[in-house]
């Protein structure tokens with residue numbers, strides 16, 4: 001796929017959207033990225049990773065320059081499925097502009113950000129004031145952010161460590177804006193854990209409860225114990241931690257049968273007062289109060305983290321203000337992202353397009369938002385390298 005004007009955020013974003021890169025398919029998106037970055041002088045490495053547990057994934061690492069400081073960008077070209085394609089007003093992979101809006105799967109999450117950044121890089125590196133780059137640039141582009149995340153960014157970071165590749169700061173282009181472009185920048189994220197609780201008893205007839213052991217009764221007490229008091233009241237940069245039940249099931253269609261077991265699933269989004277181990281201890285202590293045997297399976301999606309306000313968030317804030325006049329808010333809301341891996345390697349912050357249509361039918365942004373985002377990214381590059 002050829003991009004006639006790589007300095008155009010719209011053209012690059014359209015080309016990326018036209019790559020059907022539903023996780024874990026590469027779909028031509030990384031090939032396109034290489035074709036855009038190599039002419040700018042970037043050394044590109046394709047990094048396919050796999051493991052027994054899941055699918056293989058192709059990733060891209062690119063670097064320009066050999067000295068510090070190093071400004072990094074983290075993004076993903078994989079997208080979620082389109083769902084019912086007939087529900088879309090246009091081809092989900094067409095990159096179509098209608099009434100000033102760019103529509104397509106991945107437009108805001110997050111091919112539009114990548115397109116805006118590549119266009120900003122193209123303009124920045126070709127500007128007369130950038131004769132010799134005072135530092136280096138690198139990009140991590142993964143194909144496994146929307147999936148399990150096992151063979152993407154975290155393994156690229158391990159590869160970088162082995163090769164001695166570093167970042168001082170990293171911008172992640174997730175869609176962070178709420179009502180207008182630039183009103184929210186993420187400087188951290190809550191941790192996330194999924195719990196699967198199983199309480200087993202003895203099945204029997206409701207007329208003879210003495211011959212059965214109803215697991216519903218202790219399970220109700222367990223769930224009540226989890227919900228009757230909050231985990232905390234929040235911190236300076238985080239909202240209160242939240243426990244949400246997602247399902248409760250006994251699989252029992254009969255009205256006269258005591259069920260043999262009950263299962264319940266719940267998710268905990270936790271702030272920087274906790275580690276995942278501390279959340280698990282909090283949950284188990286409340287389950288134990290019911291004094292009944294249970295099984296608990298736990299999957300940790302990510303730990304909470306915070307990169308306190310500093311030079312990177314100040315740079316993003318001033319660049320947004322310069323381009324749009326919007327005063328940004330620093331927040332930690334939303335789900336997990338690959339920033340949870342990058343924060344162990346560099347100071348990280350997330351900033352991108354409006355998030356209101358992410359993963360929806362007719363996912364879109366306005367062309368102006370896309371162009372302004374690219375201008376903000378260019379202002380960040382100039383500010384960081386004092387160009």
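In UniProt numbering, the protein residues as written are 1 to 387. Just so you know, even glycine gets a beta-carbon here, dropped at the ideal spot from N, CA and C.
1) Could you name each continuous alpha helix (DSSP H) segment of 4 residues or more that falls completely within the segment 246-318, going from the start of the chain to the end?
2) Closest to residue 48 by C-alpha separation, out of 209, 181, 61, 294, would be which residue?
3) Can you check DSSP and say which residues form a bridge with residue 60?
4) With three or more beta-carbon pairs closer than 8 Å as the criterion, would you say the segment 234-246 touches the segment 265-277?
5) Answer with buried or exposed for residue 59, where buried requires no fewer than 16 other C-beta atoms within 10 angstroms of its C-beta.
6) Roughly how many angstroms separate the alpha carbons of residue 262 and residue 289, rounded to a whole number?
7) Which residues mark the beginning and the end of the beta strand (DSSP E) in which residue 200 is found?
8) CA-CA distance, residue 377 and residue 219?
9) Out of curiosity, what's the CA-to-CA distance linking residue 45 and residue 322?
10) Using the Cβ count rule (16 or more neighbours within 10 Å means buried), how would you classify residue 1?
11) Would residue 17 and residue 75 qualify as a contact pair, given that the criterion is a beta-carbon distance under 7 Å?
12) Counting only the same chain and skipping the five closest in sequence on each side, list residues whose C-beta sits under 6 Å from that of residue 115.
13) From the DSSP output, in three-state form, read off residue 349 for me.
14) Do you know how far the Cα of residue 216 is from the Cα of residue 210?
15) Is the Cβ-Cβ distance between residue 344 and residue 328 less than 7 Å?
16) Looking at the structure shown, is residue 86 part of a helix, part of a strand, or coil, going by DSSP?
17) Let me confirm a value: residue 391 is counted as buried when at least 16 other C-beta atoms fall within 10 Å, else exposed. Which label applies?
18) How many Å lie between residue 144 and residue 130 at the Cα?
19) By how many angstroms is the C-alpha of residue 148 removed from the C-alpha of residue 369?
20) Under DSSP, the beta strand (DSSP E) around residue 2 begins and ends at which residues?
21) Under 8 Å Cβ to Cβ from residue 50, same chain only, skipping five residues before and after it: list those, please.
22) Would residue 380 pass as a contact of residue 319 if the rule is Cβ separation under 7 Å?
23) Measuring CA to CA, which of 341, 180, 284, 28 is closest to residue 161?
24) If you measure between the beta carbons of residue 233 and residue 270, is that distance less than 7 Å?
25) For residue 178, name the three-state secondary structure that DSSP assigns.
26) Terminal residues of the continuous beta strand (DSSP E) containing residue 184?
27) Over the uninterrupted beta strand (DSSP E) stretch that includes residue 224, give me the two end residues.
28) With a 10 Å radius around its C-beta and 16 neighbouring C-beta atoms as the bar for buried, classify residue 256 as buried or exposed.
29) What is the DSSP secondary structure of residue 118, reduced to helix, strand or coil?
30) Can you check whether the CB of residue 284 is closer than 7 Å to the CB of residue 388?
31) Looking only at C-alpha atoms, which of 37, 205, 52 sits nearest to residue 126?
32) Just tell me which of 248, 195, 238 has its CA closest to the CA of residue 296.
33) Between residue 20 and chain C, is any beta-carbon pair separated by less than 7 Å?
34) Given a threshold of 16 other Cβ atoms within 10 Å of its Cβ, counted over all protein chains shown, does residue 77 qualify as buried or as exposed?
35) Could you spell out the range, first to last residue, of the alpha helix (DSSP H) harbouring residue 369?
36) Report yes if the CB atom of residue 258 is closer than 7 Å to the CB atom of residue 198, and no otherwise.
Inspection of the coordinates gives the following:
1) 276-288
2) In the chain shown, counting from the first residue as 1, residue 48 sits at position 48. Closest by alpha carbon: 61.
3) To locate residue 60, count along the chain shown from 1; it is residue 60. According to DSSP, which records beta bridges pairwise, residue 60 is partnered with 46, 141.
4) yes
5) Here residue 59 corresponds to residue number 59 of the chain shown, with the count starting at 1. Buried, since its Cβ has 16 or more Cβ neighbours within 10 Å.
6) As a first step, residue 262 is located in the chain shown; it is residue number 262 there, counting from the start. As a first step, residue 289 is located in the chain shown; it is residue number 289 there, counting from the start. If you take the alpha carbons of residue 262 and residue 289, they lie about 18 Å apart.
7) Position 200 of the chain shown, counting from 1, holds the residue named residue 200. Per DSSP, residue 200 belongs to the beta strand (DSSP E) from 191-200.
8) Reading the chain shown from its first residue, position 377 is the one you call residue 377. Reading the chain shown from its first residue, position 219 is the one you call residue 219. Roughly 51 Å separates the two Cα atoms.
9) Translated into positions along the chain shown, residue 45 becomes position 45. Translated into positions along the chain shown, residue 322 becomes position 322. Their backbone Cα atoms lie some 34 Å apart in a straight line.
10) Walking along the chain shown from the start, residue 1 turns up at place 1. That one is exposed.
11) Within the chain shown, residue 17 is the residue found at index 17, counting from 1. Within the chain shown, residue 75 is the residue found at index 75, counting from 1. No, the pair does not count as a contact, with Cβ atoms beyond the cut-off.
12) Sequence index remark: in the chain shown, residue 115 carries index 115 (1-based). Once the five neighbours on either side are set aside, the close Cβ partners of residue 115 are 9, 12, 13, 16.
13) Against the chain shown, residue 349 aligns to sequence position 349. In this structure, residue 349 counts as strand in the three-state DSSP scheme.
14) Looking up residue 210 in the chain shown gives position 210. Looking up residue 216 in the chain shown gives position 216. One C-alpha to the other measures close to 15 Å.
15) Counting from 1 along the chain shown, the entry for residue 344 is found at position 344. Counting from 1 along the chain shown, the entry for residue 328 is found at position 328. Their beta carbons are not under 7 Å apart, which means residue 344 does not touch residue 328 by this criterion.
16) Within the chain shown, residue 86 is the residue found at index 86, counting from 1. Looking at residue 86 - three-state DSSP - the assignment turns out to be helix.
17) Nothing can be reported for residue 391: it is not among the residues displayed for the chain, which extend from 1 to 387.
18) Reading the chain shown from its first residue, position 144 is the one you call residue 144. Reading the chain shown from its first residue, position 130 is the one you call residue 130. C-alpha separation (whole angstroms): 34 Å.
19) Along the chain shown, one-based indexing puts residue 369 at 369. Along the chain shown, one-based indexing puts residue 148 at 148. Approximately 30 Å, taken between the alpha carbons.
20) Position 2 of the chain shown, counted from the start, is the residue given in the question as residue 2. Neither: residue 2 is in no beta strand (DSSP E) and is coded neither H nor E.
21) Taking the first residue of the chain shown as 1, we reach residue 50 at position 50. Taken in chain order, the residues that qualify are 56, 57, 151.
22) One-based indexing of the chain shown puts residue 380 at position 380. One-based indexing of the chain shown puts residue 319 at position 319. A contact, by the Cβ cut-off of 7 Å.
23) Residue 161 sits at position 161 when you count from the first residue of the chain shown. Looking at the Cα atoms, 341 is the closest of the given residues.
24) The sequence position of residue 233 within the chain shown is 233, counting from 1. The sequence position of residue 270 within the chain shown is 270, counting from 1. Not in contact: residue 233 and residue 270 (Cβ atoms no closer than 7 Å).
25) Taking the chain shown and counting its residues from 1, the one referred to as residue 178 is at position 178. In the structure shown, residue 178 sits in coil (DSSP, three-state: anything other than H, G, I, E or B).
26) Position 184 of the chain shown, counted from the start, is the residue given in the question as residue 184. Note, residue 184: beta strand (DSSP E), 184-186.
27) Taking the first residue of the chain shown as 1, we reach residue 224 at position 224. Element bounds for residue 224: not the beta strand (DSSP E) but the alpha helix (DSSP H), 216-227.
28) As a first step, residue 256 is located in the chain shown; it is residue number 256 there, counting from the start. So residue 256 ends up on the exposed side.
29) Within the chain shown, the letter at position 118 stands for residue 118. Of the three classes helix, strand and coil, the one that applies to residue 118 here is helix, per DSSP.
30) A question about residue 388 goes unanswered here, because the residues of the chain that appear run from 1 up to 387.
31) Here residue 126 refers to the residue found at position 126 of the chain shown. Selected option, being the one with the closest Cα: 37.
32) Here the question's residue 296 lines up with position 296 in the chain shown. Of the candidates 248, 195, 238, the one whose C-alpha sits nearest the C-alpha of residue 296 is 195.
33) This model lacks chain C altogether, as it is built from one protein chain only.
34) In the chain shown, the residue the question calls residue 77 occupies position 77. Flag for residue 77 reads buried.
35) Position 369 of the chain shown, counting from 1, holds the residue named residue 369. Run containing residue 369: 367-385, per the alpha helix (DSSP H) assignment.
36) Your numbering for residue 258 matches position 258 in the chain shown. Your numbering for residue 198 matches position 198 in the chain shown. Contact: no.
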